[in-house]
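All you need for my numbering is the position in the sequence shown, starting with 1, plus 515. Even for Gly, the Cβ is constructed at its ideal location relative to N, Cα and C. Notes for the one structure printed next.
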Amino acid sequence: MRVKVLVARGVFPEVLARLREHFDVEANETDEIWPKAELTRRLQGKAGAYTTGSESIDAELLDANPQLRAVCNMAVGFNNIDVDACTARGVVVTNTPDVLTETTADFGFALMMAAARRMAEAEHFLRAGRWTKWSYDMFTGSDVHGATLGILGMGRIGQAIARRGALGFGMRVIYHNRSRLDAALEAPLAARYVTQEDLLRESDHLVIVVPYSPAVHHAIGAADLALMKPTATLTNIARGGVVDDAALAQALRQRRIAAAGLDVFEGEPRVHPDLLTVPNVVLTPHIASATVATRRAMAELAADNLIAALGCGPRAGRPPTPVNPQVLAGR
Ligand code: 8YV
Numbered sequence: 516m517r518v519k520v521l522v523a524r525g526v527f528p529e530v531l532a533r534l535r536e537h538f539d540v541e542a543n544e545t546d547e548i549w550p551k552a553e554l555t556r557r558l559q560g561k562a563g564a565y566t567t568g569s570e571s572i573d574a575e576l577l578d579a580n581p582q583l584r585a586v587c588n589m590a591v592g593f594n595n596i597d598v599d600a601c602t603a604r605g606v607v608v609t610n611t612p613d614v615l616t617e618t619t620a621d622f623g624f625a626l627m628m629a630a631a632r633r634m635a636e637a638e639h640f641l642r643a644g645r646w647t648k649w650s651y652d653m654f655t656g657s658d659v660h661g662a663t664l665g666i667l668g669m670g671r672i673g674q675a676i677a678r679r680g681a682l683g684f685g686m687r688v689i690y691h692n693r694s695r696l697d698a699a700l701e702a703p704l705a706a707r708y709v710t711q712e713d714l715l716r717e718s719d720h721l722v723i724v725v726p727y728s729p730a731v732h733h734a735i736g737a738a739d740l741a742l743m744k745p746t747a748t749l750t751n752i753a754r755g756g757v758v759d760d761a762a763l764a765q766a767l768r769q770r771r772i773a774a775a776g777l778d779v780f781e782g783e784p785r786v787h788p789d790l791l792t793v794p795n796v797v798l799t800p801h802i803a804s805a806t807v808a809t810r811r812a813m814a815e816l817a818a819d820n821l822i823a824a825l826g827c828g829p830r831a832g833r834p835p836t837p838v839n840p841q842v843l844a845g846r
């Protein structure tokens, strides 16, 4: 009998076809997000789950599906998965690092620039037919080149954004991270490690790229925003919940900071209603990794992981990017 797997969301047909070479695949034909009870039910009898950030994999779901051996997420982030609960039950978890780093950094930089130069606000003004004349101070924003770029979360994507800022735009780079980078990584960017408080105080453009965990929930709240320069921008491409969206909307409305760029939201796809009515924020629907090439690479890597994690293909037993490799060692 063939091993059964569940593909929880829509994915490239070629990737589904490749999975079907190895497994009996139940695919989500409609791409609706299945409620937890339905996801739990559909996982019955499945050895593997191909998931995205929209599916929550917790202890209760795992206990209802003790046959599950692999959860392969088509995302670098895996805060939708209780990894400890998976590890305790011998379920290998995989993610899709590296393949999206440069694409996501491009988008983070673009969103930061759009916020600094007020692009969305200006575009809405033009589309609304309100552009009747040029004026010296129309949509004046702040410079990106030569400014201080602050990065919260200096992992792979954070470093890629820092490279763009330092090498392409002559920015001074400061960062805060759980741990300081090796000097060899800091040196080419002249990146300076600072406390989170100094990061907030000194940044002209703050970009948030820290992975979500309960420890960083509302890491940026009202008191933190109050430390920022009134001319500063804040860009969040990490996860909703790292920033207190209600506090951010208030800071934007009161012009306590100049502008923001947000690709991720608390409770997305819902967006805090106050963010929808403040003009000085650029809002995008969680698309930082969305180029055709990168989404393909992510989908293929998640498939490679699932195939290998379930003992098939050339890397049988050795998925390329496990999050909890200790599970594999114990098999
Ligand atoms: C995904 C992301 O598009 O990789 C991540 O962690 O946030 C995005 O690239 C999203 O999570 C869908 O799985």
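For a test of the three-state rule: what should DSSP assign to residue i, helix, strand or coil?
{"i": "K561", "result": "coil"}
{"i": "R604", "result": "coil"}
{"i": "V530", "result": "helix"}
{"i": "K551", "result": "helix"}
{"i": "G656", "result": "coil"}
{"i": "E575", "result": "helix"}
{"i": "F541", "result": "Residue 541 is actually Glu in this sequence, not Phe. It is a strand residue."}
{"i": "A774", "result": "strand"}
{"i": "T663", "result": "strand"}
{"i": "N751", "result": "strand"}
{"i": "H720", "result": "strand"}
{"i": "T792", "result": "helix"}
{"i": "V842", "result": "helix"}
{"i": "V598", "result": "helix"}
{"i": "L583", "result": "coil"}
{"i": "T566", "result": "strand"}
{"i": "N588", "result": "strand"}
{"i": "L798", "result": "strand"}
{"i": "T619", "result": "helix"}
From the options, pick the residue whose C-alpha is nearest to that of residue i; which is it?
{"i": "T555", "options": "D778, L521, P829, A730", "result": "L521"}
{"i": "G525", "options": "D539, I548, C827", "result": "I548"}
{"i": "L534", "options": "K519, D546, T545, E544", "result": "K519"}
{"i": "L667", "options": "A600, A637, H720, F622", "result": "H720"}
{"i": "D658", "options": "A643, R671, M634, A675", "result": "M634"}
{"i": "A523", "options": "D621, A542, A766, E536", "result": "A542"}
{"i": "A698", "options": "N692, A706, H691", "result": "A706"}
{"i": "L704", "options": "L715, R716, M669", "result": "M669"}
{"i": "G823", "options": "F527, F538, A532", "result": "It is worth fixing the name first, because residue 823 is Ala in this sequence and not Gly. A823 has its Cα closest to that of F538, out of F527, F538, A532."}
{"i": "H691", "options": "G756, V725, H660", "result": "V725"}
{"i": "R716", "options": "R604, M743, V540, E553", "result": "M743"}
{"i": "R846", "options": "R645, R785, A603, T710", "result": "A603"}
Between the C-alpha atoms of residue i and residue j, what's the straight-line distance to the nearest angstrom?
{"i": "L696", "j": "V758", "result": "24 Å"}
{"i": "A741", "j": "L749", "result": "12 Å"}
{"i": "D546", "j": "I772", "result": "38 Å"}
{"i": "W649", "j": "A631", "result": "20 Å"}
{"i": "V614", "j": "R770", "result": "37 Å"}
{"i": "D739", "j": "M686", "result": "23 Å"}
{"i": "M516", "j": "A677", "result": "50 Å"}
{"i": "H639", "j": "I752", "result": "22 Å"}
{"i": "G828", "j": "H801", "result": "32 Å"}
{"i": "Y708", "j": "G673", "result": "13 Å"}
{"i": "L804", "j": "L700", "result": "Here the sequence assigns Ser to residue 804, which means Leu is not the residue at that position. Looking at the two C-alpha atoms, the distance is approximately 24 Å."}
{"i": "C601", "j": "G665", "result": "35 Å"}
{"i": "F624", "j": "I723", "result": "11 Å"}
{"i": "G736", "j": "A637", "result": "27 Å"}
{"i": "N588", "j": "F684", "result": "34 Å"}
{"i": "A844", "j": "T567", "result": "25 Å"}
{"i": "A762", "j": "A662", "result": "25 Å"}
{"i": "L816", "j": "E712", "result": "38 Å"}
{"i": "A579", "j": "E570", "result": "16 Å"}
{"i": "A747", "j": "S718", "result": "7 Å"}
{"i": "E536", "j": "K551", "result": "28 Å"}
{"i": "A643", "j": "P840", "result": "54 Å"}
{"i": "R671", "j": "T647", "result": "45 Å"}
{"i": "A814", "j": "F527", "result": "7 Å"}
{"i": "T806", "j": "G756", "result": "25 Å"}
CB-CB under 6 Å to residue i, same chain, minus the five flanking residues each way: which ones, in chain order?
{"i": "R754", "result": "Y727, V779"}
{"i": "R768", "result": "V793"}
{"i": "I572", "result": "V586, I596"}
{"i": "T809", "result": "L615, T618"}
{"i": "P834", "result": "T609, N820, A823, A824"}
{"i": "N795", "result": "L767, A774"}
{"i": "A734", "result": "V757"}
Below 7 Å CB to CB, which residues in the same chain sit around residue i once its five sequence neighbours on both sides are set aside?
{"i": "L626", "result": "T750, I752, G776, D778, V797, T799"}
{"i": "L583", "result": "L558, K561, A562, A564, L577, V606"}
{"i": "P745", "result": "R770, R771, I772, A773"}
{"i": "G680", "result": "L664, M686, V688"}
{"i": "T836", "result": "T609, N610, T611, P612, L816, N820"}
{"i": "F848", "result": "A question about residue 848 goes unanswered here, because the residues of the chain that appear run from 516 up to 846."}
{"i": "F593", "result": "V608, N610, V838"}
Report, in whole angstroms, the separation of the C-beta atoms of residue i and residue j, which I expect to be a contact under 8 Å.
{"i": "A764", "j": "H732", "result": "Actually they are not in contact, since the Cβ atoms of A764 and H732 sit about 17 Å apart, beyond 8 Å."}
{"i": "V591", "j": "V838", "result": "Contact flag wrong, Cβ pair sits at about 10 Å."}
{"i": "A505", "j": "V530", "result": "With the chain represented from 516 up to 846, any question about residue 505 goes unanswered, as that position is not in the structure."}
{"i": "A620", "j": "A675", "result": "3 Å"}
Could you pull out every residue in the same chain whose Cβ sits closer than 8 Å to the Cβ of residue i, ignoring the five residues on either side in sequence?
{"i": "A702", "result": "none"}
{"i": "M628", "result": "M634, V659"}
Taking only beta-carbon positions, decide if residue i is within less than 9 Å of chain C.
{"i": "R754", "result": "Among the chains of the structure shown, chain C does not appear; only one protein chain is present."}
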